[in-house]
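Peer 1: Please see the structure below; I have some questions.
Protein chains: 2
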Amino acid sequence: MTTLRRARPDDSAAIWSLLREVFRAGETYAVDPRISRDAALSYWVSHAREAYVAEINAEIVGTYYIKTNQAGGGAHICNCGYVVSAAVRGQGIATEMCLHSQAVALDLGYRAMQFNLVLASNGGAVRLWERLGFERVGTIPEAFAHPKRGFVDAFVMHKRLEASV
Amino acid sequence: MTTLRRARPDDSAAIWSLLREVFRAGETYAVDPRISRDAALSYWVSHAREAYVAEINAEIVGTYYIKTNQAGGGAHICNCGYVVSAAVRGQGIATEMCLHSQAVALDLGYRAMQFNLVLASNGGAVRLWERLGFERVGTIPEAFAHPKRGFVDAFVMHKRLEASV
Numbered sequence: 001m002t003t004l005r006r007a008r009p010d011d012s013a014a015i016w017s018l019l020r021e022v023f024r025a026g027e028t029y030a031v032d033p034r035i036s037r038d039a040a041l042s043y044w045v046s047h048a049r050e051a052y053v054a055e056i057n058a059e060i061v062g063t064y065y066i067k068t069n070q071a072g073g074g075a076h077i078c079n080c081g082y083v084v085s086a087a088v089r090g091q092g093i094a095t096e097m098c099l100h101s102q103a104v105a106l107d108l109g110y111r112a113m114q115f116n117l118v119l120a121s122n123g124g125a126v127r128l129w130e131r132l133g134f135e136r137v138g139t140i141p142e143a144f145a146h147p148k149r150g151f152v153d154a155f156v157m158h159k160r161l162e163a164s165v
Numbered sequence: 166m167t168t169l170r171r172a173r174p175d176d177s178a179a180i181w182s183l184l185r186e187v188f189r190a191g192e193t194y195a196v197d198p199r200i201s202r203d204a205a206l207s208y209w210v211s212h213a214r215e216a217y218v219a220e221i222n223a224e225i226v227g228t229y230y231i232k233t234n235q236a237g238g239g240a241h242i243c244n245c246g247y248v249v250s251a252a253v254r255g256q257g258i259a260t261e262m263c264l265h266s267q268a269v270a271l272d273l274g275y276r277a278m279q280f281n282l283v284l285a286s287n288g289g290a291v292r293l294w295e296r297l298g299f300e301r302v303g304t305i306p307e308a309f310a311h312p313k314r315g316f317v318d319a320f321v322m323h324k325r326l327e328a329s330v
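Note that the protein sequences, when read in sequence, are chains A and B.
Just so you know, we're using the numbering used here here: the first sequence kicks off at 1 and counts up by one.
Just so you know, we're using the numbering used here here: the second sequence kicks off at 166 and counts up by one.
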């Protein structure tokens, strides 16, 4: 059973452990791979509107944030980021977090959710978001310098949120 | 004759005067229309990689910034924003600033320029960017709550930069 709850200050070590693995690899997030612990936690938690963790047997195995994607006239669309521990990948944790984040987004009054940079090389993520109702609304050519594949395209993905989710 | 030069600290009053008009209207930039002077200057100048002003007869009539659009693997694409005084609109100042910014971007090592949120309701801007070689690479539905037109779509626009510009 996965439990989803708001992140607390004493989760920082576990969250950083998850983020470090993904950020250091530099293959999915537009984050400097050499980012410091404090800067990573600031980006993920402090600068988010809310941050959550996913626990299995009281162990943190995933985390996500929800942010307002643009200010002013764009503030009705949120953005989320998700990270799952490599040890539990493929068990549906990302799906659970994404569904949870959509419900949270509706509670917070957002009308839509947007991912600004989903790498075409990250086929698993693209397929997952599409299965969860997101559409590719844009394709940015050579948007990302992948450490192994060179320049790869990225999709802008978007989903209108409905109260029935 | 328009002169383009780097913004200086003593340009702040003139830059804020230009930004205030556009930000308060809330019809083009994803910025809170009630943004303070300090926050607007921070967004435009302090958080930019570089900021420029356009002068005619020693009067500042336009300003633009250049920023890195995404960190890490996305850091080879820049983002710019441009504001022209209503008094001199239609005289090609935005075109001059955009061409200038493309040259600056190449000097800074960027490979492409991206606008993340060009409102479909801002037809003049869309046509200008297209004339200058930008392509619509995405369309975000109902991306912006326009104070007069309600929810309007926005385009993601992109141009690969070539040394021949």
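Every residue, glycine too, gets a C-beta built ideally from N, C-alpha and C.
Going by the C-beta, is A:Gly62 closer than 8 Å to any heavy atom of the ligand FMN?
Peer 2: With respect to the ligand FMN, the structure offers nothing, as it holds no ligand at all.
Peer 1: Answer with yes or no whether the minimum CB distance from B:Glu192 to chain C is below 9 Å.
Peer 2: Absent here is chain C; the protein component of the structure consists of chains A and B.
Peer 1: Does chain B have any CB closer than 9 Å to the CB of A:Ile56?
Peer 2: No, no contact with chain B.
Peer 1: If we require 3 or more residues per run, which beta strand (DSSP E) segments fall completely within the segment 59-112 of chain A?
Peer 2: Counting whole runs of 3 or more residues, the segment 59-112 of chain A contains the beta strand (DSSP E) stretches 59-68, 77-84.
Peer 1: Please state whether DSSP places A:Glu35 in a helix, a strand or coil.
Peer 2: It should be noted that the sequence gives Ile, not Glu, for residue 35 of chain A. A:Ile35 falls in the coil class under three-state DSSP.
Peer 1: Does the contact criterion of 3 or more C-beta pairs under 8 Å hold for the segment 120-129 of chain A versus the segment 218-237 of chain B?
Peer 2: Judged by Cβ distances under 8 Å, the segment 120-129 of chain A makes no contact with the segment 218-237 of chain B, as fewer than three pairs qualify.
Peer 1: On the three-state DSSP scale, how would you describe A:Leu4?
Peer 2: A:Leu4: strand per DSSP, three-state reduction.
Peer 1: I need the boundaries of the beta strand (DSSP E) containing A:Ala145, first residue and last residue.
Peer 2: From DSSP, the beta strand (DSSP E) with A:Ala145 extends over 135-146.
Peer 1: Excluding the 5 residues preceding and the 5 following A:Glu27 in the sequence, name in chain order all residues of the same chain whose CB lies nearer than 8 Å to its CB.
Peer 2: Counting only Cβ-Cβ distances below 8 Å, and skipping sequence neighbours, we find Leu119, Ser121, Asn122, His146, Pro147, Lys148.
Peer 1: Of all the residues that make up the segment 294-315 of chain B, which are near chain A by a beta-carbon distance shorter than 8 Å?
Peer 2: Cβ contacts with chain A come from Val302, Gly303, Thr304, Ile305, Pro306, Glu307, Ala308, Phe309, Ala310, His311, Pro312.
Peer 1: Need the endpoints of the alpha helix (DSSP H) that A:Glu130 sits in, please.
Peer 2: Where A:Glu130 is concerned, the enclosing alpha helix (DSSP H) stretches over 123-131.
Peer 1: Could you check which residue in A:Tyr29, A:Asp10, A:Val84 has the C-alpha nearest to that of A:Phe155?
Peer 2: Considering only alpha carbons, the answer is A:Tyr29.
Peer 1: Could you give the DSSP three-state label for A:Ala120: helix, strand or coil?
Peer 2: Coil, per DSSP.
Peer 1: Leaving out five residues on either side along the sequence, give the residues of the same chain with a beta carbon under 6 Å from the beta carbon of A:Glu50.
Peer 2: So the list reads Ile66, once near-sequence residues are dropped.
Peer 1: For B:Gly315, name the three-state secondary structure that DSSP assigns.
Peer 2: Looking at B:Gly315 - three-state DSSP - the assignment turns out to be strand.
Peer 1: Going along chain B, which residues have a C-beta under 9 Å from A:Gln102?
Peer 2: Per Cβ cutoff of 9 Å: no residues; A:Gln102 is ~17 Å from chain B at best.
Peer 1: Please name the residues in the segment 61-88 of chain A whose beta-carbon is closer than 7 Å to at least one beta-carbon of chain B, in chain order.
Peer 2: So the close ones are Gln70, Ala71, Gly72, Gly73, Gly74, His76, Ile77.
Peer 1: Starting from the Cα of B:Val302, find the closest Cα among B:Arg170, B:Leu264, B:Met278, B:Gly274 and give me that residue.
Peer 2: Ranking B:Arg170, B:Leu264, B:Met278, B:Gly274 by Cα distance to B:Val302 puts B:Met278 first.
Peer 1: What separation, rounded to the nearest whole angstrom, lies between the Cα atoms of B:Glu307 and B:Ala251?
Peer 2: Between B:Glu307 and B:Ala251, the C-alpha separation is close to 27 Å.
Peer 1: I'd like the list of long-range same chain contacts for A:Ala105, defined as Cβ closer than 8 Å, with 5 residues on each side in sequence excluded.
Peer 2: Here the set comprises Ile66, Cys78, Cys80, Met113, Leu161.
Peer 1: Given that A:Leu161 touches chain B, what residues does it touch there, using C-beta distances under 7 Å?
Peer 2: What A:Leu161 touches in chain B: nothing, since even the nearest Cβ is about 12 Å away.
Peer 1: A:Glu21 by DSSP, collapsed to three states: which one?
Peer 2: A:Glu21 falls in the helix class under three-state DSSP.
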